[in-house]
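Asker: Going by full-length UniProt numbering, the first residue of the sequence shown is number 1, and it counts up by one from there. Even glycine gets a Cβ: it sits at the ideal position worked out from N, Cα and C. No experiment lies behind these values; they were computed from the predicted model shown. Have a look at this one before I ask anything.
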Amino acid sequence: MESVEVFTSEGKGRGLKAQKEFLPGDVIFAEPAYAAVVFDSLTHVICHTCFKRQERLHRCGQCKFAYYCDRTCQRAAWLNHKNECSAIKRHGKAPTENIRWELAPRAGAHQQAWGWWERMGRPLGESQMVRPRINCNAFTLSDQRGLQAVGVGIFPNLCQANHDCWPNCTVIFNNGNHEAVRSMFHTQMRIELRALSKISPGDELTVSYVDFLNVSEERRRQLKKQYYFDCTCEHCKKQIKDDLMLAVKEGDHKPSAETVKEVIQFSKDTLEKINKARLEGVYHEVVKLCRDCLKKQEPVLGDTNLYLLRILSIASEVLSYLQMFEEAADYAKRMVDGYMKIYHPNNAQLGMAVMRAGVTHWHAGLIEAGHGMICKAYAILLITHGPSHPITKDLEVMRVQTEMELRMFQQNEFMYYKMREAALKNQKIEVMPEPSNETAPSLFHKKE
């Protein structure tokens with residue numbers, strides 16, 4: 001925090017201000033969790049120290065509840081785990097994540113509270129303990145690939161960063177295994193505040209609490225409901241980009257307001273059906289619903305309309321999973337073209353979407369477009385995630401591989417496709433991850 005000043009922001013309470021210049025990709029500061037817990041449903045597959053997902057974890061031999069990557073993670077957790085461990089061992093079972101959260105502050109500060117929980121034999125009520133304001137200040141913790149929310153944590157300094165729908169910073173959970181993190185925090189987990197654009201001394205440091213891919217009215221509604229404030233950022237006040245997200249076809253065949261209203265309602269109804277089909281794992285039904293919806297949308301909605309982009313995103317993801325890569329690539333390209341006009345150029349979700357589109361094109365044999373997208377995604381994630389983040393490292397490997405294949409393609413296109421065909425016959429293509437109903441993990445934890 002040496003380069004950051006805590007100050008009182010008018011109408012917002014405390015905020016963070018830069019005391020020096022930062023460039024895109026700079027880590028302004030990093031912070032270990034004051035308290036963090038793994039979600040109940042994942043306690044056996046996620047390390048309780050670094051929050052990495054691992055196939056084989058070491059279980060605590062005493063309480064049989066906590067799991068760790070290795071002895072290093074187990075030793076790093078012991079100061080905080082020892083009171084929890086003895087209480088669970090004596091009681092015979094672990095409390096829920098809500099109760100573990102209340103008992104989780106670092107350095108064994110709640111030894112007395114664990115004893116209280118154990119003696120009572122039932123969950124503590126909110127009136128019985130001083131509870132952190134999880135709703136507004138807790139951060140969602142994701143796995144090492146940044147694809148699944150696996151826990152929740154409190155970071156006292158970072159939670160003072162105020163919201164802006166078009167922020168100059170982003171927050172990234174980094175559970176990379178490089179030695180700098182181990183030596184700095186005696187554990188593998190930290191959360192980083194990274195600059196997205198050039199920041200001058202005296203500028204307030206802001207992050208976005210919600211996804212930008214919503215019109216300003218909807219973002220303000222979400223912020224009011226979850227975080228209890230009215231957003232007054234420039235993009236909300238001036239409704240910047242709303243016109244793009246509500247775009248309709250222009251020209252001689254511009255649709256009527258009634259037609260647009262009907263197609264939007266049809267899109268909303270289809271998204272509900274898609275969610276149901278995805279939960280049931282009926283992916284061919286999802287594809288059919290997407291195709292039918294796109295037929296309705298394409299003559300009416302503009303290329304950047306958020307309802308069109310949502311259907312394109314789902315269609316490309318599910319078709320990739322079903323290995324129908326050519327059709328998926330077409331939808332992914334249209335989705336990325338729309339996102340590039342809407343999102344901040346260094347937005348993490350944009351980077352992840354471009355990466356997925358690049359991989360889809362690569363699998364489809366469209367090596368030129370695939371390599372270009374992977375390079376674009378890599379440039380974005382270097383800023384948003386940094387070079388040591390596991391997903392950036394994965395992307396670097398893909399960038400090198402596609403560059404090599406592109407050179408081969410440019411030297412002899414016929415030979416490239418022959419070699420690719422032979423390789424696919426001998427080696428089963430890697431299936432894309434199964435589509436999830438979850439969106440990308442949000443920055444702040446939403447307490448149900």
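Could you tell me which of 156, 72, 372, 383 sits nearest to residue 195, measuring between CA atoms?
Answerer: The option with the nearest alpha carbon to residue 195 is 383.
Asker: Round the Cβ separation of residue 34 and residue 155 to the nearest angstrom and send it over; I've been treating them as touching at under 8 angstroms.
Answerer: Correct: roughly 7 angstroms between the Cβ atoms.
Asker: Return the first residue and the last residue of the beta strand (DSSP E) that residue 55 is part of.
Answerer: Note, residue 55: premise wrong, no beta strand (DSSP E); not H, not E.
Asker: Which same chain residues end up closer than 8 angstroms to residue 371 when comparing Cβ atoms and leaving out the 5 residues on each side of it in sequence?
Answerer: Contacts found: 358, 362, 399, 402, 403, 405, 406.
Asker: Does DSSP classify residue 163 as helix, strand or coil?
Answerer: Residue state, collapsed to three classes: strand.
Asker: Quick check on residue 140: does DSSP put it in helix, strand or coil?
Answerer: Residue 140 falls in the strand class under three-state DSSP.
Asker: Assuming residue 364 contacts residue 329 (C-beta within less than 8 angstroms), just tell me the rounded distance between them.
Answerer: Indeed, because the Cβ distance is near 4 angstroms, the residues count as touching under 8 angstroms.
Asker: Whole angstroms are fine: how far does the CA of residue 310 sit from the CA of residue 316?
Answerer: Roughly 10 angstroms between the two C-alpha positions.
Asker: CA-CA distance, residue 63 and residue 32?
Answerer: Their backbone Cα atoms lie some 25 angstroms apart in a straight line.
Asker: Is the beta carbon of residue 335 closer than 8 angstroms to that of residue 312?
Answerer: Cβ distance < 8 angstroms, so residue 312 and residue 335 count as in contact.
Asker: Let me know the secondary structure DSSP gives residue 11 once reduced to three states.
Answerer: Correct three-state label for residue 11: coil.
Asker: Distance check for residue 294 and residue 248, CA to CA, integer angstroms please.
Answerer: Taking the straight line joining both Cα atoms gives about 14 angstroms.
Asker: Once the 5 residues before and after residue 3 are set aside, which same chain residues still bring their CB inside 6 angstroms of it?
Answerer: 19, 20.
Asker: Does the separation of the CB atoms of residue 174 and residue 389 fall below 8 angstroms?
Answerer: Yes.
Asker: Please list, in chain order, all residues of the same chain as residue 333 whose beta carbon is under 8 angstroms from its beta carbon, the five residues on each side excluded.
Answerer: Excluding residues within five positions, the ones whose Cβ falls inside 8 angstroms are 357, 361, 369.
Asker: Just reading off the beta strand (DSSP E) that residue 232 is part of, what are its end residues?
Answerer: Neither: residue 232 is in no beta strand (DSSP E) and is coded neither H nor E.
Asker: Once the 5 residues before and after residue 223 are set aside, which same chain residues still bring their CB inside 8 angstroms of it?
Answerer: These residues qualify, in order along the chain: 163, 209, 210, 229, 230, 231.
Asker: Apart from the five residues on each side of it in sequence, which residues of its chain come closer than 7 angstroms, Cβ to Cβ, to residue 367?
Answerer: 402, 405, 406, 409, listed in sequence order.
Asker: Using alpha carbons as the reference points, say which of 97, 413, 301, 354 lies closest to residue 244.
Answerer: It is 301.
Asker: Just to confirm the assignment, what range does the beta strand (DSSP E) spanning residue 170 have?
Answerer: 169-174 is the extent of the beta strand (DSSP E) around residue 170.
Asker: Mind checking residue 411: buried by the 16 CB within 10 Å criterion, or exposed?
Answerer: Exposed is the call here.
Asker: Nearest-angstrom Cα distance between residue 160 and residue 306?
Answerer: Computed Cα separation, rounded: 31 angstroms.
Asker: Where does residue 451 fall in DSSP's three states?
Answerer: Residue 451 is absent from the structure shown; the chain starts at 1 and stops at 448.
Asker: Locate the beta strand (DSSP E) running through residue 191, then write down its first and last residues.
Answerer: Here the beta strand (DSSP E) through residue 191 covers 190-195.
Asker: Between the C-alpha atoms of residue 258 and residue 303, what's the straight-line distance to the nearest angstrom?
Answerer: Their Cα atoms are separated by approximately 19 angstroms.
Asker: Who pairs with residue 204 in a beta bridge, going by DSSP?
Answerer: BP columns for residue 204 point to 17.
Asker: Going by CA-CA distance only, name the one from 352, 413, 284 that's closest to residue 392.
Answerer: The candidate whose alpha carbon is nearest that of residue 392 is 352.
Asker: Determine which residues share a DSSP beta bridge with residue 46 and list them.
Answerer: Residue 46 pairs with 53.
Asker: By Cβ distance, which residues of its chain are closer than 7 angstroms to residue 118, with the 5 residues on each side in sequence left out?
Answerer: Here the model assigns residue 118 a pLDDT of 48, short of 50, so the residue's position is not dependable, and the following value carries that caveat. The residues are 87, 90, 91.
Asker: Which residues does DSSP pair with residue 68 in a beta bridge?
Answerer: Answer by DSSP bridge pairing, in chain order: 58.
Asker: Please state whether the Cβ-Cβ distance between residue 37 and residue 152 is less than 8 angstroms.
Answerer: Yes.
Asker: Answer with buried or exposed for residue 287, where buried requires no fewer than 16 other C-beta atoms within 10 angstroms of its C-beta.
Answerer: Residue 287 should be labelled buried.
Asker: Out of 46, 264, 84, which has the shortest C-alpha to C-alpha gap to residue 70?
Answerer: Of the listed residues, the one whose Cα sits closest to residue 70 is 46.
Asker: Please report the straight-line C-alpha distance between residue 298 and residue 308, rounded to a whole angstrom.
Answerer: Answer to the nearest angstrom: the Cα atoms are 8 angstroms apart.
Asker: Quick check on this structure: which residue in 246, 24, 148 has the alpha carbon closest to the alpha carbon of residue 52?
Answerer: Taking only the C-alpha atoms, the option nearest residue 52 is 148.
Asker: Output the boundary residues of the beta strand (DSSP E) element that contains residue 325.
Answerer: No beta strand (DSSP E) contains residue 325, which is instead part of the alpha helix (DSSP H) from 325-342.
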